[in-house]
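As structure tokens, the structure follows; a few thoughts come after it.
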Amino acid sequence: MNVLQVQNLHKSFGGIHAIDHCSFSVEENSITGLIGPNGAGKTTMFDLINGLLTPDEGHVLIKNQNVTGWPTYKRARLGLSRTFQAIRVFPELTALENIVVAFKGHPSKLYQAFVPLKKKNRDLEKRAMEYMETVGIADKAHLRAGDLSYGQQKLLEIARCMATDADIFLLDEPAAGVNPTLLNTIKQLILKLHQQGKTLLIVEHNMPFLMSIAHKIIVMNFGKELAIGSPEEIQNNPRVLEAYLGKKREE
Amino acid sequence: MTDYILNLLTLIIIMSMITLCLNVIIGYIGYLHLGLVGIWAVGSYAYALMAVHGFPFFVAMLGGGIFAGAAGLLLGLPTLRLKSHYFGIASLGLMYIVYSLLLNLTDLTRGPLGIPGILRPTLFGISFSGPAMYFVLTLAVSLVVGFLLYRILKSPFGKILETIREDEIAAKALGKNTYAYKLQAFVLSSFFVGIISALSASYFQYISPTGFQVEQLIFFLAALMVGGAGSFWGGIVGAFVLLTIQELTRFIPLTPNAVGPVRTMIYALLLIFVMLYKPDGLMGKKMKVYQR
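First to last, the protein sequences are chains A and B. Using this note's numbering, you'd call the opening residue of the first sequence number 15 and step up by one each time. Using this note's numbering, you'd call the opening residue of the second sequence number 671 and step up by one each time.
The structure is reproduced here in structure tokens:
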């Protein structure tokens with residue numbers, strides 16, 4: 015079953031067609047890679063899928079529901095979560111608070127300011143600690159999130175997505191700028207999420223990393239899907255090579 | 671002398687409570703709210719008109735809160751979709767709109783003449799008109815308002831407001847209806863400004879449109895910057911510091927026409943020092959008015 019479908023999606027900024035009638039689908043419980051040269055429209059595609067941008071044409075379907083006109087927060091409640099290319103943690107909150115606010119059961123209604131919540135808050139903090147342990151930054155729980163290292167913030171962002179109870183994860187360059195050890199941690203985390211039955215769509219430039227975990231790769235170029243296939247098919251696809259390396263000179 | 675000090679303390683409490691309400695918007699959700707004085711004016715006039723027409727004190731006070739809250743809702747509905755600095759300009763517009771309404775709706779507001787004779791209340795047979803009793807009343811109401819706001823800002827609801835200041839896009843991506851939170855915070859802040867308006871209008875016993883202009887806005891903004899936006903005590907401390915300094919300038923022997931400029935200079939110096947050495951304000955907490 016396809017949990018995420020993009021149908022004939024189009025988005026222009028002025029005269030530039032950032033996304034040019036692009037279509038693809040993502041199967042449930044798969045790891046799908048989304049690659050393409052810089053400026054191919056990958057991040058714009060993420061913004062369209064999670065509703066930060068609205069498309070000019072076409073549809074986005076999440077779990078067979080047409081969510082094209084929906085605001086971002088409603089899509090998130092449907093089980094869609096994402097990380098950002100430029101990390102977006104809440105720097106002034108502690109790492110633990112970053113996760114606590116993401117819970118669906120977070121008692122953040124206004125009237126709840128006046129009901130006793132001590133026990134509930136303790137439970138939430140305990141659950142948040144479990145997520146911190148899963149990603150391996152439990153010892154940093156009470157630090158300002160902004161004081162964590164770049165890699166730790168990336169892990170925190172993924173943990174925060176997990177805490178929303180999402181089952182579709184859009185990861186925007188999870189491997190960018192991290193050292194090999196952390197890269198391995200992130201890889202294990204992604205595989206674990208997959209084992210738990212989650213669906214992952216990953217934008218990444220680190221090919222060995224992506225090819226080693228992805229079941230399917232979607233290649234975008236100039237806002238369009240250029241090729242869709244297994245990692246092996248993609249690696250041998252002449253059109254993909256052309257998009258990345260340029261055209262062979264005619265002899 | 672005691673009367674003088676009690677009057678001053680009463681004024682400090684009133685101004686610090688309004689700064690606290692401003693802090694809810696600027697410090698917690700991180701939106702540059704420049705319409706505060708407009709909201710304050712609506713609350714004050716609503717209270718004053720009800721009071722001079724014989725409504726009981728607490729009813730008129732609630733009226734001030736409700737009218738100010740409604741003004742906040744009207745301002746927030748269209749403008750809270752804007753980003754912070756655009757919101758700043760739009761909300762500043764409210765202040766000017768309210769000002770010209772107060773000047774020109776002469777049948778209701780008496781225009782530039784203002785509304786005199788706003789009496790301090792007599793409750794349960796006790797008159798609260800003397801400095802001591804009015805101080806007690808102000809303190810009591812402010813403690814209630816302060817406690818309510820404290821509970822709200824320290825609650826999970828308050829945490830979500832902070833995530834909006836920190837990163838609104840991320841908050842949305844986590845499934846938070848940020849617009850609804852912003853609107854609630856805005857109505858809440860405006861409502862409490864309206865409640866405090868009752869105290870301020872009765873304190874001065876006279877209100878006119880000239881009392882609700884940029885000058886007052888700058889005082890509240892300066893108080894919040896000095897105290898530290900985003901920390902609960904920030905606005906309160908800031909208002910306390912600024913008003914104390916303002917009063918101390920009275921004791922400098924100056925010719926009357928030099929008092930105003932000297933005061934402004936002292937404000938400016940204080941602001942520059944705070945910006946240089948304690949940019950997060952005295953109560954310290956980083957603030958980020960401008961959204962990414």
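For every residue, glycine included, the Cβ atom is placed at its ideal position computed from N, Cα and C. Since we're looking at a predicted model, the values are computed, not measured.
- Annotation for B/H755: the continuous alpha helix (DSSP H) segment containing it runs S754 to N774.
- If only complete runs of 3 or more residues are kept, the segment 148 to 209 of chain A shows the beta strand (DSSP E) at 182 to 186, in order along the chain.
- B/A850 is positioned such that its CB atom lies no closer than 8 angstroms to that of A/F104.
- When DSSP assignments are scanned along the segment 84 to 113 of chain A, the uninterrupted stretches of beta strand (DSSP E) that are 3 or more residues long and fall wholly within it turn out to be 94 to 96.
- For the pair A/I248 and A/D181, the Cα-to-Cα distance works out to about 26 angstroms.
- Listed in chain order, the positions of the segment 822 to 834 of chain B with a beta carbon within less than 7 angstroms of a beta carbon of chain A are I822, S825, P826, F827, K829, I830, E832 and T833.
- With 16 or more other Cβ atoms from the protein chains shown falling within 10 Å of its own Cβ, B/F805 counts as buried.
- Distances from the CA of A/A152 to each of A/R136, A/N16, A/D137 and A/A173 were compared; the closest alpha carbon is that of A/A173.
- Considering only A/M234, A/Q19 and A/E111, the residue with the shortest C-alpha distance to A/G72 is A/Q19.
- Note that the C-beta distance between A/G50 and A/M234 is below 8 angstroms.
- Across the structure, B/L752 and B/S761 are spaced so that their CA atoms are roughly 10 angstroms apart.
- The Cβ of B/N847 sits closer than 8 angstroms to at least one Cβ of chain A.
- By the criterion of at least three beta-carbon pairs nearer than 8 angstroms, the segment 174 to 193 of chain A is in contact with the segment 204 to 221 of chain A.
- The beta carbon of A/A54 is closer than 6 angstroms to those of M234 and N235 in its chain, skipping five residues each way along the sequence.
- In the DSSP assignment, A/T46 falls within the beta strand (DSSP E) that extends over I45 to I49.
- For the options A/Q79, A/L107 and A/Y258, the alpha carbon positioned closest to that of A/N16 is the one of A/Q79.
- Taking a Cβ-Cβ cut-off of 8 angstroms, A/N52 has no neighbours in chain B, whose nearest Cβ is about 21 angstroms from it.
- Ranked by Cα distance from B/A721, the first of B/Q886, B/L869, B/L807 and B/L912 is B/L869.
- Remark: C-beta atoms of B/P782 and B/L773 approach each other more closely than 8 angstroms.
- Close to A/V115, with beta-carbon spacing below 9 angstroms, are these residues of chain B in chain order: P826, K829, I830, E832, T833, A841, L844 and K846.
- Chain A has a Cβ within less than 8 angstroms of the Cβ of B/D837.
- The three-state reading of DSSP puts A/Q19 in strand, counting E and B together.
- Residue contact check for A/P188 against chain B: no CB pair falls below 8 angstroms.
- Assigned with DSSP and collapsed to three states, B/I942 falls in helix.
- Under the three-state reduction of DSSP output, B/M953 falls in the coil class, being neither helix nor strand.
- For the segment 819 to 883 of chain B, the continuous alpha helix (DSSP H) assignments of 4+ residues that do not extend past its boundaries occur at 826 to 843 and 848 to 874, in sequence order.
- Taking all protein chains in view, the Cβ of B/E838 is crowded by 16 or more other Cβ atoms within 10 Å, so the residue is classified as buried.
- In the displayed model, A/V81 falls within coil according to three-state DSSP, outside both helix and strand.
- The Cβ atoms of B/A893 and B/T689 lie closer than 8 angstroms to each other.
- Cα atoms of B/R920 and B/E885: separation of roughly 19 angstroms, rounded to the nearest angstrom.
- Proximity of chain B to A/Q126 at the Cβ level (cut-off 8 angstroms) is accounted for by S825, P826 and F827, in chain order.
- Not a single CB atom of chain B sits nearer than 8 angstroms to the CB of A/P130.
- Closest by C-alpha distance to A/T46, out of A/V115, A/Y258, A/R253 and A/M225, is A/M225.
- Under DSSP, A/S39 shares a beta bridge with A/Q19.
- In the three-state reduction of the DSSP assignment, A/D70 falls in the coil class, being assigned neither a helical nor a strand state.
- Proximity to A/L67 across A/H24, A/H156 and A/E256 peaks at A/H24, based on C-alpha coordinates.
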